[in-house]
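Undergrad: The UniProt record's numbering puts the sequence shown at residues 1 to 253. Supplied in structure tokens, the structure appears directly below.
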Amino acid sequence: MEKDYVVQVDNLTVSYYGNTALQNISFAVEPSQLVGIIGPNGAGKSTLIKAILGLMHIEKGNVKVFNQIIQKVNKRIAYVPQHNDIDLDFPVLVEEVVMMGRYPHLSWWQWPSKSDKQSVEKALAELGVEDLKKRQIGELSGGQRQRVFLARALVQDAELFFLDEPFSGIDVISENIIIKQLRNLKKQGKTIFVVHHDLSKAEAYFDQLILLNKNLVKYGDSKDVFKMGLLHKAYNGSIAMGRNEDQLMVVSQ
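See the structure below:
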């Protein structure tokens, strides 16, 4: 019997301005997985999720999401982009940002219902930012903003989530809240892809890892991917691993 994959990538190649960003990438992910995408700078991590989402031109290969082309399943997907892809000067309140996650479920003539507003309140509370709902989004710290954008993704009622470096430049409290929420989503049967840069936490955070450096170095269970030989291959040897007070330390040199 054929397996039920959430995302299937087959021989994917992406280029821009004559430069190859990804080459011959193939993998398939089953439901209810928390998947980390790791690799050095310029490896194509963000490019991979944008290609899956249909936000970049695919030179070669195929992508299927829920066994269909992405355009047919957009409402089942939530995307949290990088900080620098967001205009923080736009005057909008936190609660309005989160409500945007309900818009795909509303007709053009509909106002948000009581149920929509309750969904927003619940998501804000789950991420610990309910007291910030009347603040301008640009006034918040990096960690607070990231929690707000995850709250927006939660109210979409999506089945598949993509987050591009959600832990970059945020405080420890926000990081702990976010990873707890991602694990809760997995328990609910959701599938989550996370572009991640901190290798010291990669094996602990994710069930599976996609290790990239333009080519796919390895995809599989974290324990099978997070090996020094494979990391050296992806990072061209410029990596060191050790422990400090029982905490794993991984440094790209």
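Cβ coordinates follow ideal geometry from the N, Cα and C atoms, glycine included.
Does the stretch 61-79 come close enough to the stretch 145-158 to have 3 or more Cβ pairs within less than 8 Å?
TA: yes
Undergrad: Mind reading off the beta-carbon distance from L150 to V194? Whole number of angstroms is fine, and I expect it under 8 Å.
TA: Your numbering for residue 150 matches position 150 in the sequence shown. Your numbering for residue 194 matches position 194 in the sequence shown. Actually they do not touch by this definition, with Cβ atoms about 11 Å apart.
Undergrad: Whole angstroms are fine: how far does the CA of N213 sit from the CA of G39?
TA: For the purposes of this step, residue 39 is taken as residue 39 along the sequence shown, with counting starting at 1. For the purposes of this step, residue 213 is taken as residue 213 along the sequence shown, with counting starting at 1. One C-alpha to the other measures close to 6 Å.
Undergrad: Between the Cα of L216 and the Cα atoms of R152, I58 and N11, which residue gives the shortest distance?
TA: Within the sequence shown, the letter at position 216 stands for residue 216. It is N11 whose Cα lies nearest to the Cα of L216.
Undergrad: Where does the unbroken alpha helix (DSSP H) through S222 begin, and where does it stop?
TA: Position 222 of the sequence shown holds residue 222. Here the alpha helix (DSSP H) through S222 covers S222 to V225.
Undergrad: Should Y17 be labelled buried (16 or more other beta-carbon atoms within 10 Å of its own) or exposed?
TA: Translated into the one-based positions of the sequence shown, residue 17 becomes position 17. By the 10 Å Cβ count, Y17 comes out exposed.
Undergrad: So, for M1: in the same chain, excluding its five sequence neighbours on each side, which residues have a beta-carbon less than 8 Å away from its beta-carbon?
TA: To locate residue 1, count along the sequence shown from 1; it is residue 1. At M1 the pLDDT is 48, less than 50, meaning the model places this residue with poor confidence; the figure from the coordinates comes in the next sentence. So the list is empty, once near-sequence residues are dropped.
Undergrad: Check Q146 in the structure and name its three-state DSSP category.
TA: Position 146 of the sequence shown holds residue 146. Three-state result, Q146: helix.
Undergrad: Counting along the chain, where does the alpha helix (DSSP H) carrying S26 start and finish?
TA: Translated into the one-based positions of the sequence shown, residue 26 becomes position 26. Careful: S26 lies outside any alpha helix (DSSP H), inside the beta strand (DSSP E) at N19 to V29.
Undergrad: Apart from the five residues on each side of it in sequence, which residues of its chain come closer than 6 Å, Cβ to Cβ, to V7?
TA: Indexing the sequence shown from 1 puts residue 7 at position 7. Here the set comprises V29 and V65.
Undergrad: Apply the 10 Å Cβ neighbour rule to G189 and answer buried if 16 or more other Cβ atoms are within range, or exposed otherwise.
TA: As a working mapping, residue 189 is identified with position 189 in the sequence shown. By the neighbour-count rule (16 or more Cβ atoms within 10 Å), G189 is not buried but exposed.
Undergrad: Checking 8 Å against the spacing of the C-beta atoms, do G36 and H196 come in under that value?
TA: Here residue 36 corresponds to residue number 36 of the sequence shown, with the count starting at 1. Here residue 196 corresponds to residue number 196 of the sequence shown, with the count starting at 1. Their beta carbons are under 8 Å apart, which means G36 touches H196 by this criterion.
Undergrad: Is it buried or exposed for L48, if we count other Cβ within 10 angstroms and need 16 for buried?
TA: As a first step, residue 48 must be located in the sequence shown, where it is residue number 48. Label assigned to L48: buried.
Undergrad: Closer than 8 Å is the cut-off here; do at least three beta carbon pairs connect the stretch 94-110 with the stretch 177-189?
TA: no
Undergrad: So what's I170 in DSSP terms, helix, strand or just coil?
TA: By one-based count along the sequence shown, residue 170 stands at place 170. Coil, per DSSP.
Undergrad: Taking K3 as part of the alpha helix (DSSP H), name the residues at either end of that continuous run.
TA: One-based indexing of the sequence shown puts residue 3 at position 3. K3 -> no alpha helix (DSSP H), and no H or E assigned at all.
Undergrad: Using the C-alpha atoms, what's the distance from V63 back to T13?
TA: Here residue 13 is taken as the residue at index 13 of the sequence shown, counted from 1. Here residue 63 is taken as the residue at index 63 of the sequence shown, counted from 1. Those two C-alpha atoms are separated by around 11 Å.
Undergrad: For a test of the three-state rule: what should DSSP assign to I49, helix, strand or coil?
TA: The residue given as residue 49 occupies position 49 in the sequence shown. I49: helix per DSSP, three-state reduction.
Undergrad: Residue ranges of each beta strand (DSSP E) run of no fewer than 3 residues wholly in the stretch 28-114, ordered along the chain?
TA: 34-38, 60-65 and 77-80
Undergrad: Would you call the stretch 114-127 and the stretch 200-214 touching, i.e. three or more CB-CB distances under 8 Å?
TA: no
Undergrad: So, are the CB atoms of V129 and R152 less than 8 Å apart?
TA: Position 129 of the sequence shown, counted from the start, is the residue given in the question as residue 129. Position 152 of the sequence shown, counted from the start, is the residue given in the question as residue 152. No, they are not a contact pair.
Undergrad: Within a Cβ cutoff of 6 Å, which residues of the same chain sit near Q23, ignoring the five residues on either side of it in sequence?
TA: On the sequence shown, position 23 is the one that residue 23 refers to. T13, K214 and N215.
Undergrad: Which partner residues does I210 have in the DSSP bridge list?
TA: Here residue 210 corresponds to residue number 210 of the sequence shown, with the count starting at 1. For I210, which the question treats as bridged, DSSP gives the partners I37 and Y219.
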